[in-house]
Each structure stands twice: as C-alpha cells, then as structure tokens.
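S.K.: The structure under discussion is supplied below as structure tokens; questions concerning it will follow.
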Amino acid sequence: MSPISEDDLDRLADYTAGVLDPPEAAEVDRLIATEPAWARAYDELTAAQPTLDEALSELPREPMPADVAARLDLAVATASRPGTAKVVPFPRRRWPRFALTTAAAVAVGVACVGGIAALNRYGGTSSTSSSGLAKGDSATAPSPFSRAPVLPNTGAGAGAAGGTVPTTASGVDYTHGTLTMAASTTSKAPAAAHAESVPDGPGGLGRLSAPSALDACLVAITGAEGGRALSVDYARYQGQPALIVVLSGGSASVVAAGAGCGLPGEGAALLDSVG
Amino acid sequence: MVRPVDRVQSGGEPAASDDKALLAAHVAGDPDAFGELIRRHRDRLWAVALRTLGDREEAADALQDAMISALRGSDRFRGDSAVTTWLHRIVVNACLDRIRRRQARPTVALADSDPVPAPAVDSDTALDVRAALARLPDEQRIALILVDIEGYPVGEVAAILRVAEGTVKSRCARGRARLATLLGHLRNPAPDRAVPSQRTTNSEEAG
Numbered sequence: 001m002s003p004i005s006e007d008d009l010d011r012l013a014d015y016t017a018g019v020l021d022p023p024e025a026a027e028v029d030r031l032i033a034t035e036p037a038w039a040r041a042y043d044e045l046t047a048a049q050p051t052l053d054e055a056l057s058e059l060p061r062e063p064m065p066a067d068v069a070a071r072l073d074l075a076v077a078t079a080s081r082p083g084t085a086k087v088v089p090f091p092r093r094r095w096p097r098f099a100l101t102t103a104a105a106v107a108v109g110v111a112c113v114g115g116i117a118a119l120n121r122y123g124g125t126s127s128t129s130s131s132g133l134a135k136g137d138s139a140t141a142p143s144p145f146s147r148a149p150v151l152p153n154t155g156a157g158a159g160a161a162g163g164t165v166p167t168t169a170s171g172v173d174y175t176h177g178t179l180t181m182a183a184s185t186t187s188k189a190p191a192a193a194h195a196e197s198v199p200d201g202p203g204g205l206g207r208l209s210a211p212s213a214l215d216a217c218l219v220a221i222t223g224a225e226g227g228r229a230l231s232v233d234y235a236r237y238q239g240q241p242a243l244i245v246v247l248s249g250g251s252a253s254v255v256a257a258g259a260g261c262g263l264p265g266e267g268a269a270l271l272d273s274v275g
Numbered sequence: 001m002v003r004p005v006d007r008v009q010s011g012g013e014p015a016a017s018d019d020k021a022l023l024a025a026h027v028a029g030d031p032d033a034f035g036e037l038i039r040r041h042r043d044r045l046w047a048v049a050l051r052t053l054g055d056r057e058e059a060a061d062a063l064q065d066a067m068i069s070a071l072r073g074s075d076r077f078r079g080d081s082a083v084t085t086w087l088h089r090i091v092v093n094a095c096l097d098r099i100r101r102r103q104a105r106p107t108v109a110l111a112d113s114d115p116v117p118a119p120a121v122d123s124d125t126a127l128d129v130r131a132a133l134a135r136l137p138d139e140q141r142i143a144l145i146l147v148d149i150e151g152y153p154v155g156e157v158a159a160i161l162r163v164a165e166g167t168v169k170s171r172c173a174r175g176r177a178r179l180a181t182l183l184g185h186l187r188n189p190a191p192d193r194a195v196p197s198q199r200t201t202n203s204e205e206a207g
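Take a look at the structure:
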C-alpha cells in the first residue's frame, strides 16, 4: 500500500480544516471510505493532532534578548528625533587642536522624521542614503548600525581652515554592548541636538553644552585616548548622563565620558571606552 | 499637559486605542511615542521574526528594518486595522523579503541556515520541531507560527497576511500535515511527487 501523494496530503489537510467545497469534501469522504492509503493517512493525521499541539505549545518562549532590544531602542530613538540640526561651534583660538571652523554652524534640515544628515566642513549638507540599512533594503530608513562614511575631517592635522565636531542629543542610554554602535550612529547623525534633551540638572550635561567646556572635555579625551573627535552625543551611559564621543585614530573608537569631563582634576572622566 | 505617552504609561494593559494614541503622538512629533509603542509589542514581534527566519541576526536585522520602515511610514497608517496587525504585517513582509533574498543566493537555503541558538534547557522535541518548521514552505510556516505557536486568532492572521481566513486555515492545516510527516507521525507521501507542492488550490484561495 503506497502512501498518498503530497498533493493528496494537502487535500486531506484542507479536508480536516473544513475548507473544502462540499463536492470536494464529499470526494475525500469517498476516498477515505474506499482507499486504504487515504484511510490510513486520515487516521494518522487526526491521531497526530494532539501530539502536534503539544509539541508546538512546548516551544520555549522567545523574549527579545537584551542586546537586540538595546539595538532596536537605539535605532528607533535615533530615527525618531526631529530633524532640526544644531551644531556646537568651536572658535579656533579656543580649540586649535581641532582646527574649528569659523563659519556659522549650519543646521541641516531633514525632511523626514528622524532623518539624518551629514555636515561637511564647507557648511554644506549631504543627506544620508537609504543604503545605510544594515544588510537590508526593504525599508527606507538609514540604520544607525550600519557603517556610514566618516564625517569630514575636522582636525587641525589636515590643515583645514576650519571645521566642527557635530553633536547630537539622542538621549539614548548606552551600555558597554551598545557603545560600539555609537560609532556608526553618531558619525552619521550630527543633527537633532535639542537643548531640552541634553541631560541637565545636578550631575547633568548642561555645563558641557558650552563650547568652552566641551572644548576642554574633548581635549582631555583626546589627550587620554589620542586621535581626534568625530562626533559627540549628549546621552547617557548606564543611566547616568554621559557624553558619547566617537574618535578616529585613537586607542579607543568610542568613549563615554561623565559630566565632569574636562573639569580640573577630573580629566576625561571616562566611564567606559571601546576599541 | 499630559502627553499621549504619559497617558498610556499610566494605564494598565496595553490597549489598541492606546497603540493608536501612541502612533498619533508619533506622527504629531512626539519623539518618544514610537519607541514606547515598539517596547509594548517587541517581544511578540521578535518571536515572529525569529521563528520565521530561524536566525538570530537575520531576525534582528529584519525587525529593525521593519520598525524603521513603520516609523517612517506611520503617517500612512489608515487605522482600518489594529496597530499591532499593521506592525506584524510589516515584520512578516520584512522577513519574507529576507527569505527571498536568501533564496536568490543559491548556496544558502533556509534549511541550511544557522539554526536558532537553542536555550540550554531546550528539549530534543523542541529542536526537532524547530528544524521541521524550517523545512516548511514559507507561507505555511508563517501561518503556523502566527496561529499555532503565537496564538493569534485566524481572523487577525488573515488581516496580517491580507488573505482570506480560509487560506490561513488551509496553510495551517497543510503545514501541520507536513510537520506531522517530518516528525514521523505520518508516513512520507509518495516519492513520485517528492517536491513540496506550492500548488494553490481553489479551496486555499476560498474564503
């Protein structure tokens, strides 16, 4: 006795689900009654249902892992920020190390919610491309986890006439695990700094929104880690206000600095760094 | 002023109206609303993506793609379905996109992809079921995941997949029959038609 074919198994499955038209159901009734292979398949299939129910119900729950949740939170938080840019300018005389631009900071309007823009040294703009999605192209949004082009050089070493270190205020609460993601996120997201989203108050980052204070902080960070700052994110690290600074050419690629960064005796006030 | 986010968070269980309020708040410019909306449903969305794709990294990427796509397209949500239905539809489509791209790469078939990392306490049965699920046709696997594993009503799954309820029932029944065969509860179908049938019968498309 040969088993029924796959097509017939589909028919039998439809029959058990009650989705066949009456004439088709009647035909399957007849086959089960007259064909041993059909009768056997029907018996086996109906007998297997409780076992299948049990096997499917016993699959372990799949809560989202913490690292995936953090990654998703970061992506959504970054993409949710309104696209009004604000760049903290640094007078050159105050921060020769970074050869800061004398041009006015240029706000880059981003048309779509959460749009991300890159600011170039000439004060022009370049919008991001949708190719930023990590390994994907089904959505139109850039992903903060995909590698973006490095921002234009703002350092003095390049002999630039000027430049800015783009800042953002994502408000994201970073962990060590998500800190590495900041490199790709903040390097392509200089926009969307909102004063109200800078963690302020006692122990907050309000002080560091002043150019001179940020200047001193970045000097302390690059003094400790080397390299130059590519971007700054006013955010949090493990719940406490922190400046997330992406570096290029240093011993670390991203550092989290506490609110005391740049204060006398505090140095860079580093909370964490990743290579 | 009480923002929609605050209003929702002060309540108890998530409600569909709260979801719509969060989405409306997001469209109106509340930068925290969409994140809150996702946090409410992410575990279920994740489970669907993970079980559909069977690969942790692919599922994470698909879910992220889907949520950013939803965020960007939220102003096009018409409100004719629940927000969760809409979110699940976007996730399923993102997963199907990835499966299609993966299948376009001839050396990486679904059944050969990295299996979902199994928890330490995972049973042999669970491993067998997961492996068998991975071998089902995509449409059957997704219907089974949504209805038989995640427990969504057939009507909601029909709305997620934009097919008739009868089609969902057919896909589940066929998937269960194939699963029963793969798990050894049913004799293998005749080898003369060994290739799994993707045939869509009149009954499958019937409501």
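First to last, the sequence lines map onto chains W and Z. Residue numbers for the first sequence follow the UniProt record's numbering, so the first one is 1 and each next one is one higher. Residue numbers for the second sequence follow the UniProt record's numbering, so the first one is 1 and each next one is one higher. Heads up, the beta-carbon is just placed ideally off N, CA and C, and yes, glycines get one too.
1) Can you tell which of Ile68/Z, Arg44/Z and Ala49/Z has the C-alpha that lies nearest to the C-alpha of glycine 35/Z?
2) Name the chain W residues that come within less than 7 Å of aspartate 170/Z, Cβ to Cβ?
3) At a CB distance below 9 Å, what residues from the region 40-55 of chain W approach chain Z? Give them in sequence order.
4) Would you list, in chain order, the members of the region 56-85 of chain Z that have their beta-carbon closer than 9 Å to a beta-carbon of chain W?
5) Chain Z beta carbons: is any one of them nearer than 8 Å to that of alanine 26/W?
6) I'd like to confirm the pairing. Which residues does DSSP put opposite valine 254/W in its beta bridges?
7) When the Cβ atoms of the region 162-179 of chain W are set against those of the region 230-248 of chain W, are three or more pairs found closer than 8 Å?
8) Excluding sequence positions up to five away, which residues of its chain have a Cβ less than 8 Å from the Cβ of glycine 249/W?
9) Just to check, is the beta-carbon of aspartate 73/W closer than 7 Å to a non-hydrogen atom of the ligand ADP?
10) Expressed to the nearest angstrom, what Euclidean distance is found between the alpha-carbon atoms of alanine 220/W and alanine 77/W?
11) According to the neighbour-count rule (16 or more other Cβ atoms, all chains shown, within 10 Å of its Cβ), is leucine 12/W buried or exposed?
12) When the Cα of glycine 29/Z is compared with those of Pro22/W, Gly267/W and Arg81/W, which residue comes out closest?
13) Taking the DSSP output, what are the residues bridged to threonine 167/W?
14) Taking isoleucine 244/W and alanine 259/W to be in contact with their CB atoms under 8 Å, please state how far apart those CB atoms are, rounded to whole angstroms.
15) Can a CB atom of chain Z be found closer than 8 Å to the CB of alanine 79/W?
16) Roughly how many whole angstroms lie between the Cα atoms of valine 19/W and alanine 158/Z?
17) Note down the Cα distance separating proline 189/Z from arginine 130/Z, rounded to an integer number of angstroms.
18) Could you have a look at glutamine 140/Z and say whether DSSP puts it in helix, strand or coil?
19) Buried or exposed for threonine 181/Z, please, with buried defined as at least 16 other CB atoms from any protein chain shown within 10 angstroms of its CB.
20) Could you give the C-beta distance for alanine 82/Z and aspartate 19/Z, rounded to a whole number, given that I count them as a contact under 8 Å?
21) Should glutamine 64/Z go down as buried or exposed, given a rule of 16 or more other Cβ atoms within 10 Å for buried?
22) Looking at the structure shown, is proline 23/W part of a helix, part of a strand, or coil, going by DSSP?
23) Which residues in chain W have a C-beta closer than 7 Å to the C-beta of proline 189/Z? List them in chain order.
24) Return the residue from the list Gly262/W, Gly239/W and Tyr15/W that minimises the CA-CA distance to aspartate 215/W.
25) Give the straight-line distance between the Cα atoms of proline 153/Z and valine 27/Z, rounded to the nearest whole angstrom.
26) Buried or exposed, going by whether 16 or more other CB atoms sit within 10 Å of the CB of proline 22/W?
27) Can you give the beta carbon distance from leucine 271/W to aspartate 148/Z, rounded, assuming they're within the 8 Å contact cut?
28) Determine the extent of the alpha helix (DSSP H) in which glycine 175/Z is found, giving its start and end residues.
29) What does the alpha-carbon distance come out to for the pair leucine 96/Z and glutamate 58/Z?
30) So, with DSSP's three-state summary, where would you put proline 211/W?
31) Tell me, to the nearest whole angstrom, how far the beta carbon of valine 254/W is from that of leucine 179/W; I am working on the premise that it is less than 8 Å.
32) In chain order, what residues of the region 243-273 of chain W put their CB closer than 7 Å to some CB of chain Z?
33) Pick out whichever of Leu71/Z, Gln103/Z, Leu179/Z and Ala173/Z has its Cα sitting closest to the Cα of valine 91/Z.
34) When the cut-off is 8 Å and only beta carbons count, does leucine 205/W lie next to chain Z?
35) Have a look at the DSSP bridge pairing and note the partners of proline 241/W.
36) Could you pull out every residue in the same chain whose Cβ sits closer than 7 Å to the Cβ of glutamate 165/Z, ignoring the five residues on either side in sequence?
M.R.: Taking the geometry as given:
1) Here residue 35/Z refers to the residue found at position 35 of the second sequence. Nearest option by C-alpha distance: Ile68/Z.
2) Along the second sequence, read from residue 1 onward, the residue named residue 170/Z stands at position 170. At residue 170/Z the sequence reads serine, which differs from the aspartate that was named. Per Cβ cutoff of 7 Å: Asp14, Ala17 and Val19.
3) Arg40, Ala41, Glu44, Leu45, Ala47, Ala48, Gln49, Thr51, Leu52, Asp53, Glu54 and Ala55
4) Arg56, Glu57, Glu58, Ala59, Ala60, Asp61, Ala62, Leu63, Gln64, Asp65, Ala66, Met67, Ile68, Ser69, Ala70, Leu71, Arg72, Gly73, Ser74 and Asp75
5) Taking the first residue of the first sequence as position 1, residue 26/W is located at position 26. By this cut-off, alanine 26/W is not an interface position.
6) As a first step, residue 254/W must be located in the first sequence, where it is residue number 254. BP columns for valine 254/W point to Val246/W and Val274/W.
7) The region 162-179 of chain W is in contact with the region 230-248 of chain W.
8) Start at 1 with the first residue of the first sequence, and residue 249/W comes out as number 249. Excluding residues within five positions, the ones whose Cβ falls inside 8 Å are Gly226, Gly227 and Arg228.
9) As far as ligands go, the structure on display features none, and thus does not contain the ligand ADP.
10) The residue labelled residue 220/W in the question sits at position 220 within the first sequence. The residue labelled residue 77/W in the question sits at position 77 within the first sequence. Whole-angstrom Cα-Cα distance: 29 Å.
11) Counted from its first residue, the first sequence places residue 12/W at position 12. With 16 or more Cβ atoms within 10 Å of its Cβ, leucine 12/W is classed as buried.
12) In the second sequence, residue 29/Z corresponds to position 29, counting from 1. Selected option, being the one with the closest Cα: Arg81/W.
13) Here residue 167/W is taken as the residue at index 167 of the first sequence, counted from 1. In the DSSP output, where bridge partners are listed per residue, threonine 167/W has Val232/W.
14) Working through the first sequence from its first residue, we reach residue 244/W at position 244. Working through the first sequence from its first residue, we reach residue 259/W at position 259. With a Cβ gap of about 13 Å, isoleucine 244/W and alanine 259/W do not count as contacting.
15) Counting from one through the first sequence, the residue named residue 79/W turns up at place 79. At least one chain Z Cβ lies under 8 Å of alanine 79/W.
16) Counting from one through the first sequence, the residue named residue 19/W turns up at place 19. Counting from one through the second sequence, the residue named residue 158/Z turns up at place 158. Rounded to whole angstroms, valine 19/W to alanine 158/Z spans 14 Å at the Cα level.
17) By one-based count along the second sequence, residue 189/Z stands at place 189. By one-based count along the second sequence, residue 130/Z stands at place 130. Answer to the nearest angstrom: the Cα atoms are 21 Å apart.
18) As a first step, residue 140/Z is located in the second sequence; it is residue number 140 there, counting from the start. Looking at glutamine 140/Z - three-state DSSP - the assignment turns out to be helix.
19) Numbered from its first residue, the second sequence carries residue 181/Z at position 181. It counts as buried.
20) Indexing the second sequence from 1 puts residue 82/Z at position 82. Indexing the second sequence from 1 puts residue 19/Z at position 19. At roughly 7 Å, the Cβ-Cβ gap stays under 8 Å, so alanine 82/Z and aspartate 19/Z are in contact.
21) To locate residue 64/Z, count along the second sequence from 1; it is residue 64. Buried, by the Cβ-count rule.
22) Residue 23/W sits at position 23 when you count from the first residue of the first sequence. Reduced to three states, the DSSP call for proline 23/W is helix.
23) Locating residue 189/Z in the second sequence gives position 189, where the first residue counts as 1. Among the residues of chain W, those whose CB is under 7 Å from the CB of proline 189/Z are Pro3, Ile4, Ser5, Glu6 and Leu9, following chain order.
24) By one-based count along the first sequence, residue 215/W stands at place 215. Of the candidates Gly262/W, Gly239/W and Tyr15/W, the one whose C-alpha sits nearest the C-alpha of aspartate 215/W is Gly262/W.
25) On the second sequence, position 153 is the one that residue 153/Z refers to. On the second sequence, position 27 is the one that residue 27/Z refers to. One C-alpha to the other measures close to 29 Å.
26) To locate residue 22/W, count along the first sequence from 1; it is residue 22. Exposed, by the Cβ-count rule.
27) As a first step, residue 271/W must be located in the first sequence, where it is residue number 271. As a first step, residue 148/Z must be located in the second sequence, where it is residue number 148. Going by Cβ atoms, the distance from leucine 271/W to aspartate 148/Z rounds to 47 Å, so no, they are not a contact pair.
28) For the purposes of this step, residue 175/Z is taken as the residue at position 175 of the second sequence. Start and end: 165-182.
29) Position 96 of the second sequence, counting from 1, holds the residue named residue 96/Z. Position 58 of the second sequence, counting from 1, holds the residue named residue 58/Z. Rounded to the nearest angstrom, the two C-alpha atoms are 11 Å apart.
30) Residue 211/W sits at position 211 when you count from the first residue of the first sequence. DSSP places proline 211/W in helix when its eight states are reduced to three.
31) Indexing the first sequence from 1 puts residue 254/W at position 254. Indexing the first sequence from 1 puts residue 179/W at position 179. Approximately 5 Å separates the beta-carbon atoms of valine 254/W and leucine 179/W; this is inside 8 Å, confirming the contact.
32) none
33) The count along the second sequence starts at 1 and reaches residue 91/Z at position 91. When only C-alpha atoms are compared, the closest one is Leu71/Z.
34) Walking along the first sequence from the start, residue 205/W turns up at place 205. So no, leucine 205/W is outside the interface.
35) Within the first sequence, the letter at position 241 stands for residue 241/W. Answer is Arg236/W.
36) Here residue 165/Z is taken as the residue at index 165 of the second sequence, counted from 1. Cβ within range, chain order: Val154, Gly155, Ala158 and Gly207.
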